[in-house]
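Just so we're aligned, residue 27 is where the sequence shown starts under my numbering, counting upward by one. C-beta atoms are modelled at their ideal positions from N, C-alpha and C, and glycine is treated no differently.
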Amino acid sequence: MTSRIALVTGATQGLGAALAAGLAQRMAPTDTVYLTGRDAARVGAVVRSLPAFSARVRGEVLDVSDPESVTRLATELTGRHGGVDIVFNNAVMRVGPDDDPKSIIKEYVEVNNFGTTRVLRAFAPLLRDGGRLIVVASSLGTLKFLAPALHDHFDDLPSLDAVDAATAAWRDQVVDGRARAGAWPGFVNIPSKIAQVAAVRALALERRRQDVERGILLASVCPGMMNTPTSALWWDVSAAPTPEQAAGPLLSLALDPVEPGHYGELIRDGAVLPWRPAG
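This is the structure we're talking about:
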């Protein structure tokens with residue numbers, strides 16, 4: 027049996043670390059989980075802090091905001107293993123209530139959105155039969171949270187290039203103030219998450235037939251509210267699940283048999299969240 031290879035981006039803390047640990051617990055001793063982040067020292071420290079699991083955990087530097095970093099690791103994993111079986115795109119730049127959207131939006135989009143499409147472009151072609159590529163997004167990533175006049179901005183985009191162009195157009199409107207004066211929500215997380223889900227939908231449109239034949243799952247996922255320091259800046263999360271608890275349904279999505287209706291969709295706790303508002 028071929029050893030399975032898993033990759034988690036943004037895995038040096040919170041949900042990413044929980045996903046990497048959960049995969050390592052549930053996968054076989056012959057399997058490898060790549061725990062990645064952009065800081066080599068932090069990656070190494072997290073790997074060393076983990077208890078002995080069933081699968082091997084290997085740390086790698088990966089900065090999704092750097093195209094060369096993404097291409098390098100994809101090339102290296104191809105050389106080492108010939109492909110990958112599970113990819114969680116979890117890397118994220120977090121923002122707080124006091125952050126000025128105009129001052130952070132360029133870096134924010136570079137990590138959260140263009141980082142997502144870089145990972146999709148680089149690692150989707152490496153998926154082996156039965157593979158899973160899962161983008162960690164949010165229930166905010168649906169058109170329900172966008173003004174109807176803006177739905178066409180992200181709806182039914184035909185390619186990742188089109189998603190990148192739409193995302194860049196929104197970013198530029200934030201930078202020059204047009205977004206604030208218009209219908210765009212002030213919370214930049216909403217359009218960003220919608221763009222992430224739109225990216226998954228666009229790639230799924232291109233790959234659906236071959237992926238379904240090969241048992242591959244491409245999806246976005248909402249982990250729900252979590253008790254993390256960043257979330258606590260915005261909401262009362264004292265009763266929310268820990269990252270380890272929130273990781274459970276995501277791990278099931280990655281390791282359990284594929285549910286055909288999940289392909290290309292945004293999933294929360296095993297259920298599909300509608301992309302468009304009802305009615």
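An exposed status is given to Q236, since fewer than 16 other beta-carbon atoms sit within 10 Å of its beta-carbon.
No Cβ-Cβ contact shorter than 7 Å links V87 with A71.
When V247, A225, G157 and A173 are compared, the shortest CA-CA separation from V284 is found for G157. I160 sits away from A297, with the two beta carbons spaced by 7 Å or more. Pairing L299 with T168 gives a Cβ-Cβ distance under 7 Å.
Under the 8 Å Cβ criterion, the region 171-180 does not count as touching the region 107-127, having fewer than three qualifying pairs. In the structure shown, S246 adopts extended strand secondary structure according to DSSP, grouped into three states.
When the alpha-carbon of R144 is set against those of N116, G122 and V59, the nearest one is in N116. T58 has I31 and R82 as its beta-bridge partners, per DSSP.
The beta carbon of V90 sits closer than 7 Å to the beta carbons of T35, V96, A117, V137, G141, R144 and V145 from its chain, once the five residues preceding and following it are set aside; these are given in chain order. F213 carries a coil assignment under DSSP once its states are collapsed to helix, strand and coil. Contact between I131 and V201 holds, with the beta-carbon distance rounding to 6 Å and staying under 8 Å. A Cβ-Cβ distance of about 5 Å is found for the pair F79 and Q51, placing them in contact under the 8 Å criterion. Taking all protein chains in view, the Cβ of P55 is surrounded by fewer than 16 other Cβ atoms within 10 Å, so the residue is classified as exposed. Annotation for G156: the continuous beta strand (DSSP E) segment containing it runs L153 to V162. Residue nearest to L279 within the set R197, L186, F114 and P217 is F114 (criterion: CA-CA distance).
Between L166 and P151, the alpha-carbon positions lie close to 28 Å from each other.
Unbroken beta strand (DSSP E) stretches of 3 residues or longer found wholly inside the region 102-161: 110-115, given in chain order. The beta carbon of G208 sits closer than 8 Å to those of Q199, all from its chain and outside the five residues before and after it, given in chain order.
Spanning the alpha carbons of G305 and R233 requires a straight line of approximately 28 Å. The three-state secondary structure of R64, taken from DSSP, is coil. In the structure shown, V238 adopts helical secondary structure according to DSSP, grouped into three states. The straight-line gap separating the alpha-carbon atoms of V121 and R240 is approximately 38 Å. Here L169 carries a helix assignment [DSSP, helix/strand/coil].
About 6 Å separates the beta carbons of S185 and A228, which is inside the 8 Å limit, making them a contact pair.
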